[in-house]
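Number of protein chains: 4
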Amino acid sequence: MNNQKPKYHQIIEAAVKVIAENGYHGSQVSKIAKEANVADGTIYLYFKNKEHILVSLFEEKMGEFIERIAKAIEGSDSASDQLYTLIEMHFRQLSSDYYLAIVTQLELRQSNISLRLQINQVLKPYLKVIDGIIQKGIDQHQFKEDLNMPLVRQMIFGTLDEIVTNWVMKEQKYTLVDMVPEIHRMLVSALASK
Amino acid sequence: MNNQKPKYHQIIEAAVKVIAENGYHGSQVSKIAKEANVADGTIYLYFKNKEHILVSLFEEKMGEFIERIAKAIEGSDSASDQLYTLIEMHFRQLSSDYYLAIVTQLELRQSNISLRLQINQVLKPYLKVIDGIIQKGIDQHQFKEDLNMPLVRQMIFGTLDEIVTNWVMKEQKYTLVDMVPEIHRMLVSALASK
Amino acid sequence: MNNQKPKYHQIIEAAVKVIAENGYHGSQVSKIAKEANVADGTIYLYFKNKEHILVSLFEEKMGEFIERIAKAIEGSDSASDQLYTLIEMHFRQLSSDYYLAIVTQLELRQSNISLRLQINQVLKPYLKVIDGIIQKGIDQHQFKEDLNMPLVRQMIFGTLDEIVTNWVMKEQKYTLVDMVPEIHRMLVSALASK
Amino acid sequence: MNNQKPKYHQIIEAAVKVIAENGYHGSQVSKIAKEANVADGTIYLYFKNKEHILVSLFEEKMGEFIERIAKAIEGSDSASDQLYTLIEMHFRQLSSDYYLAIVTQLELRQSNISLRLQINQVLKPYLKVIDGIIQKGIDQHQFKEDLNMPLVRQMIFGTLDEIVTNWVMKEQKYTLVDMVPEIHRMLVSALASK
DNA sequence: CATGAATGAGAATTCATTCAT
DNA sequence: CATGAATGAATTCTCATTCAT
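Chains as they are written, first to last, in UniProt numbering: chain A, 1 to 194; chain B, 1 to 194; chain C, 1 to 194; chain D, 1 to 194.
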């Protein structure tokens, strides 16, 4: 435990660990407080309620997640290369933080509709990044020009998400990043202008 | 557990309606019993526990769902045509039963891991159907021969699932079946041998 | 404990005892349930929430209290005699049920405003009875004809209530009913037409 | 505890305002501290605990209240006139400080028994003043000589208290002081020697 | 087979009070 | 003197499941 960290982050890290280890419904506030080495009441100095811990957790972690991807694709000029980078970063980041992968792929999906809607809001910037790549591909004539943007976005996100979820549920018996080239090839083929 | 008896189905239909209208966490056993016009205790003559109602619901509804798709694709010899039929049937069936779409795409996903694992078991035959189409495509040289089968399956299922979920969350503001040709085209392109 | 009694009354009697012995703030629902020999959850089959137990308690007990007084004064034709009966019955009933006296005079007054307003509603019929006596006294020319009815009612009720509260707080070191003649004499003098 | 310091009074005035506006149970220490423009911890430099704030509030306010009444009745030689002055001052003071009236008539009564007993102690000097008037009335042969002093005192105090409480609860829709002559007339009649 | 009254375990949140600075 | 971040004890209510009728 890093006591220099402001308690806000201490609590969020504790929440990730506790939820990954005990499941969404096994994660009482008191358990998170204990893991974070704070009193139960201290949680409520930083978060309005339990749901707010989870939204904040997702915001913090996905915020970084998305930012790193957005940063990384800035380097390439080609939509296809950008897509490759996005897939690789998506997989690499979740591979390197197994606790986070469990929490985002499995546990947080058990939350109520209200929380899920807030989570969807957090994901919006990621979807915008995907949209940007698609648009660039169209502009560059790498991708078909009459693509249905929402549909394509849902295909890309749905594919990546399903693959990561399967990997988490199979307890990561294989290396996720190894899948990147084939997925990239398939997705580019799906969108290609010819 | 007696599956021939009418009350068994009465309870399952009631569960679909109650969950669709009240959400997963708003669906108490007593509410389902009331909707089914039986006493609370009667539920437990037909189902071991609450979770068992939901698994059975999924088994019944997805069983039919899958069977109809399997039946429908028997008619075609081409893997590409079969994939088209699968996508169309997938969308058509969920479009025509909005309650069921809400329950399977949104509400049942809030259940605990144990129930989700059982749901995955129920989906296995559907994944087998998808695998069969892929294999046939490879055998017919329509699809690339070195496809990674699980990966392809996850792409297809992940794409369809994400698209339906978005449609349900957007309160079906557009016609799902209209999307079939483009999705089919993209998926076939992704898998195509050249 | 009388197990023939429907649980509703069982719980109310338990609440009176528990509150009298432990005070308003020391009376947890679980303590009341234990005293009533029912499970905690059973309370909520009969009462919407904890506050509702207390309102019902007051309704039941005060309902009987008022009814007995109303019945008793029917016997007399004279307003002065009726007032005597009212005072005597008021004191006699609270003297004979010390637990109830503690609860109504001390403990229930610690409740929040919402409950206090509901309690005031329950008392309204009692105030009507007092008003009836005053009116009769005026009609019979026993009492002054230009009395301010609300003011007189408040004087009578305030006097009786303060006297009973003092008696309860002094742990009933004297006999409440002995006070009746003097109080009656003073109140009648206060209202008398000459 | 330093009573000369300005913060002591600052806190008491803040407590009156906060309790009048938020009710007894809505008045957290932190809210009082904020209203008083001091830190939460500062409260505990001046008061042992929360209950002590309330007792002090009552002591300060009722101390002045009683003193003013005692002073005012010094001017009259007749018990009846003194009683008139007492009633008028009682009503006038509470009329002119609506916040204080709410706090003493409604909110502070929701406190626990311990606080109520301390409040009763504070009221003792007021009851002594009433007793003094009664005794003077007896000595002057204005009042009956065999009056039961405690009983009479409870009638007077109970009457005034009930009337003020009703006025506060009715949101002071009428002028309290207008009631003085009739109440005085009734009380004097009740006690009069003939 | 069917009923439905009764059970009782389990958890989020508030807030008076402390104490290191 | 003053601060205010941190503490942690304490309690109502829900709802899946049982079982006597």
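Note that CB positions come from ideal geometry on N, CA and C, so glycine has one too.
Does any CB atom of chain D fall closer than 8 Å to the CB of residue i?
i      : result
C/D161 : yes
C/L106 : yes
C/N2   : Legend: pLDDT at C/N2 = 37, less than 50; position of this residue unreliable, value from coordinates given subsequently. For C/N2, the answer is no, since every Cβ of chain D falls outside 8 Å of its Cβ.
For residue i, go through chain D and note every residue whose CB falls closer than 8 Å to its CB, in chain order.
i      : result
C/S111 : Q110
May I ask which residues mark the beginning and end of the alpha helix (DSSP H) holding residue i?
i      : result
D/V38  : That residue, D/V38, is in no alpha helix (DSSP H); it is neither H nor E in DSSP.
D/Y8   : 6 to 22
D/D161 : 149 to 169
C/M89  : 79 to 96
D/G26  : Here D/G26 belongs to no alpha helix (DSSP H), and DSSP marks it neither H nor E.
C/K71  : 50 to 74
Please decide whether residue i counts as near chain B, where near means a Cβ-Cβ distance under 8 Å.
i      : result
A/Q172 : no
A/H25  : yes
A/N22  : no
A/M155 : yes
A/G158 : yes
Say whether chain C places a C-beta atom closer than 8 Å to the C-beta of residue i.
i      : result
D/I19  : no
D/L176 : no
Could you list which residues in chain C have their beta carbon closer than 7 Å to that of residue i, in chain order?
i      : result
D/E182 : N148, L151
From the DSSP output, which residues share a beta bridge with residue i?
i      : result
D/A192 : D/F143
Starting from residue i, find everything on chain A with Cβ-Cβ shorter than 7 Å and list it in chain order.
i      : result
B/A190 : M186, L187, S189, A190
B/M179 : L151
Strictly below 8 Å CB to CB, what residues from chain C border residue i?
i      : result
D/N166 : P150, Q154
Can you check whether the C-beta of residue i is within less than 8 Å of a C-beta belonging to chain A?
i     : result
B/M62 : no
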